[in-house]
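Please read the structure below before turning to the comments.
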Amino acid sequence: MRWEYAKDGSVSVGDDRGWLDQVDFQTDAAPTPTPLENGVPVTGLADNQGGQRYFSITVPDGARNLRITLSPDGANPRPTRSTERIVGGEDADIEDYPWQVALLDNNDAQECGGSILNERWILTAAHCFDTSVPKIRAGVTDWREPGQTIIVARSIPHPDYDPTTEENDIALLELEAALDLSGARARPIPIMTATQAAAGLQNPGVEAIVTGWGATSEGGVGSNILQVATVPIVSNEDANQAYDQIFPPGSVTEAMLAAGYLGEGNIDACQGDSGGPLVVPDGDAFRLAGVVSWGEGCARPEFPGIYARVSHFENWITETIQTSETGTSADLYVRFGELPTLTTFDCRSNAPGNDETCTFATPQAGTYFIMVYGQSAYSGVTLSATYELAEEGDIFSDRFENRNP
Numbered sequence: 008m009r010w011e012y013a014k015d016g017s018v019s020v021g022d023d024r025g026w027l028d029q030v031d032f033q034t035d036a037a038p039t040p041t042p043l044e045n046g047v048p049v050t051g052l053a054d055n056q057g058g059q060r061y062f063s064i065t066v067p068d069g070a071r072n073l074r075i076t077l078s079p080d081g082a083n084p085r086p087t088r089s090t091e092r093i094v095g096g097e098d099a100d101i102e103d104y105p106w107q108v109a110l111l112d113n114n115d116a117q118e119c120g121g122s123i124l125n126e127r128w129i130l131t132a133a134h135c136f137d138t139s140v141p142k143i144r145a146g147v148t149d150w151r152e153p154g155q156t157i158i159v160a161r162s163i164p165h166p167d168y169d170p171t172t173e174e175n176d177i178a179l180l181e182l183e184a185a186l187d188l189s190g191a192r193a194r195p196i197p198i199m200t201a202t203q204a205a206a207g208l209q210n211p212g213v214e215a216i217v218t219g220w221g222a223t224s225e226g227g228v229g230s231n232i233l234q235v236a237t238v239p240i241v242s243n244e245d246a247n248q249a250y251d252q253i254f255p256p257g258s259v260t261e262a263m264l265a266a267g268y269l270g271e272g273n274i275d276a277c278q279g280d281s282g283g284p285l286v287v288p289d290g291d292a293f294r295l296a297g298v299v300s301w302g303e304g305c306a307r308p309e310f311p312g313i314y315a316r317v318s319h320f321e322n323w324i325t326e327t328i329q330t331s332e333t334g335t336s337a338d339l340y341v342r343f344g345e346l347p348t349l350t351t352f353d354c355r356s357n358a359p360g361n362d363e364t365c366t367f368a369t370p371q372a373g374t375y376f377i378m379v380y381g382q383s384a385y386s387g388v389t390l391s392a393t394y395e396l397a398e399e400g401d402i403f404s405d406r407f408e409n410r411n412p
């Protein structure tokens, strides 16, 4: 496996612009970026057995929105077609929500939903394991289609899951075989981190999207075709005001996230959607903010739907996968002017899998150094850097790919 320069000919980088470069240096000397000519592969690199690889990009004056991204084969673009405001939803296409999977029971019936984190891991709800979920199906709009059907090797509910209160209602599934994430119908979704949550990505009022094959009315039957609905994030305070009428005070805890139309209803997740994704916009992509968990009925006007708050479980998700992985995860570190380390950086992105992003809205003019770090071997990832020039309105882009030879 090696890193190859993979300039996209459909976008242009001027000769005098900053290029994304491999950094070649001796450990006892200052790092010196090594420019590469367009299309020339990186040579002389050992097979990637983990550790770190360094890159750099020099940003000119007047640049804005520097975005450095590490992505697996098949990233997760934001849907290009709009969705209307599952109960009260509409038919969806899996290519618009390719992280969605169906969880199947022993009779091959759709039981719950889940989200692809990487080629071997699915995030879902712990309460889905009241019944056996022996396999998952990815890449299908109609869950009855064959798609990619893979046996679940191991289910890992959160150790503090409480089925009485649905506290910590989250679980990881390790798959027996790897998903193929190279196409448009099955792709991973990055999780919401605590830092991103604090920055407002899932604040009350943010329009979120929920998908699933669950019942389309309370007490009704599930849908064969994937459904999608838009619901606003609701504060925990407002959610508790509603649920305090029927449950002990404070039933919506900090480990939970609420979304729905207070006072209106009609749109919500329902039975069969459990474990599925609630996603929120993040620039031109989405992040996984919630896992469908519980509620009072379906789409009742007084009661929003309740989701496991993914950012609350960031450390548990990351540590569980990293402890179990055989070495498929790479992380992204960026620092201005100097090489980043595992403890010194201006930006670090270390979500599960290989979907990482560092963004600088108003970058300094000069050189940003980038470290791609893996605890062991990884492949099938692309490192890209994009920025805009404010005066010219142009977008400049460059990338490297790490793949099997």
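Offset between the sequence shown (1-based) and this note's numbering: plus 7.
Glycine included, each C-beta is placed from N, C-alpha and C at the ideal position.
Bear in mind the structure is a predicted one, so any value in this text is a computation, not a measurement.
(1) Using a 10 Å radius around the Cβ and a threshold of 16 neighbouring Cβ atoms, would you call D98 buried or exposed?
(2) Write down the C-beta distance between S122 and L295 rounded to the nearest angstrom, noting that I regard them as a contact closer than 8 Å.
(3) Can you tell me the Cβ-Cβ gap for V388 and A337, rounded? I've got them flagged as a contact below 8 Å.
(4) Could you give the distance in angstroms between the alpha-carbon of F176 and the alpha-carbon of W301?
(5) Helix, strand or coil: how does DSSP classify E173 here?
(6) What first and last residue would you give for the beta strand (DSSP E) that runs through N361?
(7) What do you get for A392, buried or exposed, if any count of 16 or more other CB atoms within 10 angstroms of its CB means buried?
(8) Mind checking T327: buried by the 16 CB within 10 Å criterion, or exposed?
(9) Below 7 Å CB to CB, which residues in the same chain sit around V286 once its five sequence neighbours on both sides are set aside?
(10) Taking DSSP as the reference, what is the three-state secondary structure of F367?
(11) Alpha carbon to alpha carbon, how far is D280 from L180? Give it in angstroms, no decimals.
(12) When you compare the CB positions of V246 and P311, do they come within less than 7 Å of one another, or not?
(13) Who are the near neighbours of T369 in its chain, counting only those whose CB is closer than 7 Å to its CB and skipping five residues on each side?
(14) List the whole-angstrom C-beta distance separating A193 from L186, where the pair is believed to meet the contact cut-off of C-beta under 8 Å.
(15) Using only the alpha-carbon positions, how far apart do P141 and L110 sit?
(16) Let's see if you can read the secondary structure: which residues bound the alpha helix (DSSP H) around A204?
(17) In three-state terms, what does DSSP make of E395?
(18) With DSSP collapsed to three states, give me the class of Q248.
(19) Closest by CA to P61, which one among L390, Y394, G381 and I377?
(20) Excluding five sequence neighbours on each side, which residues of the same chain lie with their C-beta closer than 8 Å to the C-beta of N210?
(21) Taking the beta carbon of A358 as the centre, do at least 16 other beta carbons fall within 10 Å, making it buried, or is it exposed?
(22) Consult DSSP for T327 and reduce its assignment to one of helix, strand or coil.
(23) Based on Cα-Cα distance, which residue from T330, Q203, D353 and L349 lies nearest to V341?
(24) Per DSSP, what kind of secondary structure is V231 in: helix, strand or coil?
(25) For P166 versus A178, is the C-beta spacing smaller than 7 Å?
(26) With 16 other CB atoms within 10 Å as the buried threshold, where does D115 fall?
(27) Please classify A372: does DSSP put it in a helix, a strand, or coil?
(28) Flag this pair as yes or no: are the beta carbons of G282 and A132 separated by less than 7 Å?
(29) Hey, E363 and T148 are a contact pair by Cβ (cut 8 Å); roughly how many whole angstroms apart?
(30) Under 7 Å Cβ to Cβ from A204, same chain only, skipping five residues before and after it: list those, please.
(31) Should G373 go down as buried or exposed, given a rule of 16 or more other Cβ atoms within 10 Å for buried?
So, to answer that:
(1) Exposed, by the Cβ-count rule.
(2) At roughly 5 Å, the Cβ-Cβ gap stays under 8 Å, so S122 and L295 are in contact.
(3) Indeed, because the Cβ distance is near 6 Å, the residues count as touching under 8 Å.
(4) Correcting the residue type first, residue 176 is Asp in the shown sequence and not Phe. Rounded to the nearest angstrom, the two C-alpha atoms are 9 Å apart.
(5) Three-state result, E173: coil.
(6) Per DSSP, N361 lies in no beta strand (DSSP E) segment and is marked neither H nor E.
(7) Buried, by the Cβ-count rule.
(8) Per the 10 Å Cβ criterion, buried.
(9) The beta carbon of V286 sits closer than 7 Å to the beta carbons of I196, A215, I216, F293, R294, L295 and A296 from its chain, once the five residues preceding and following it are set aside; these are given in chain order.
(10) Looking at F367 - three-state DSSP - the assignment turns out to be strand.
(11) Looking at the backbone, the Cα of L180 and that of D280 are separated by about 17 Å.
(12) In the sequence on display, residue 246 carries Ala and not Val. Note that the C-beta distance between A246 and P311 is below 7 Å.
(13) The residues are R71.
(14) Between L186 and A193 the Cβ distance is about 6 Å, and since that is below 8 Å, they are a contact.
(15) Near 8 Å, if we compare the C-alpha coordinates of L110 and P141.
(16) Note, A204: alpha helix (DSSP H), A201 to A205.
(17) Looking at E395 - three-state DSSP - the assignment turns out to be strand.
(18) In the structure shown, Q248 sits in a helix (DSSP, three-state: H, G or I).
(19) This sequence places Tyr at residue 61; Pro is not what is there. For the residues L390, Y394, G381 and I377, the minimum Cα distance to Y61 belongs to I377.
(20) Close CB contacts of N210 within its chain, under the 8 Å cut and outside five residues either way in sequence, are with I240 (chain order).
(21) That one is buried.
(22) The answer is helix: DSSP assigns T327 an H, G or I state.
(23) The candidate whose alpha carbon is nearest that of V341 is D353.
(24) The sequence given here has Asn at residue 231, not Val. It is coil, neither helix nor strand.
(25) Going by C-beta atoms, P166 is not nearer than 7 Å to A178.
(26) The residue in question, D115, is exposed, as its Cβ has fewer than 16 Cβ neighbours within 10 Å.
(27) Assignment of A372 by DSSP, reduced to helix, strand and coil, places it in the coil class.
(28) The Cβ-Cβ distance between G282 and A132 falls below 7 Å.
(29) Contact flag wrong, Cβ pair sits at about 29 Å.
(30) Closer than 7 Å at the Cβ level, and outside the excluded window around A204, lie S318.
(31) Answer is exposed; the Cβ neighbour count stays below 16.
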